[in-house]
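I have placed the structure first, in the form of structure tokens, so that the comments after it can refer back to it.
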Amino acid sequence: MSTPQMGIFSLGDGSHSFIEFALRGSPPANDVVVAVASMHDQRKTTDAVNLVVGFRPELWRAAAPADAPA
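Reading the sequence shown from the start, the letters are residues 225 to 294 in the working numbering.
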């Protein structure tokens, strides 16, 4: 996505968490994106749980340069 956006949360949901992870070493950016994206499959429920994930611009530029914000 070329334009950054804020996280999107369900209306009326007062329960939110913000978790920031630090990378150890220098893993390939694409591996990081794939690993984080795979968390979604483990959290599928019928109770409408929402998951919003964001990446630092420098990591996203390394993983998907054509889709990174300027």
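All residues carry an ideal CB built from backbone N, CA and C; glycine is no exception.
Since the model is a prediction, treat every value here as computed from it, not as a measurement.
Cβ-based neighbour list, A292, same chain, cut-off 7 Å, excluding 5 preceding and 5 following: For A292, where only same-chain residues beyond five positions count, the Cβ hits under 7 Å are P281, W284, R285.
Coil, strand or helix - A290 by DSSP: For A290, the three-state secondary structure derived from DSSP is helix.
Exposure of A259, with buried meaning 16 or more beta-carbon neighbours within 10 Å: Under a 10 Å Cβ-count criterion, A259 is classified as exposed, with fewer than 16 other Cβ atoms of the shown protein chains found around its own Cβ.
A294 vs V257 beta-carbon contact at 8 Å: Their beta carbons are not under 8 Å apart, which means A294 does not touch V257 by this criterion.
Residues near H277 in its chain [Cβ-Cβ closer than 6 Å; skip 5 each side]: Before going further, note that residue 277 is Val rather than His in the sequence given. Around V277: V260.
Residue closest to F245, alpha-carbon to alpha-carbon, out of L275, F279, A290: Cα-wise, what sits closest to F245 is F279.
Buried versus exposed call for A253 [16 or more other C-beta atoms within 10 Å across all chains shown]: It counts as buried.
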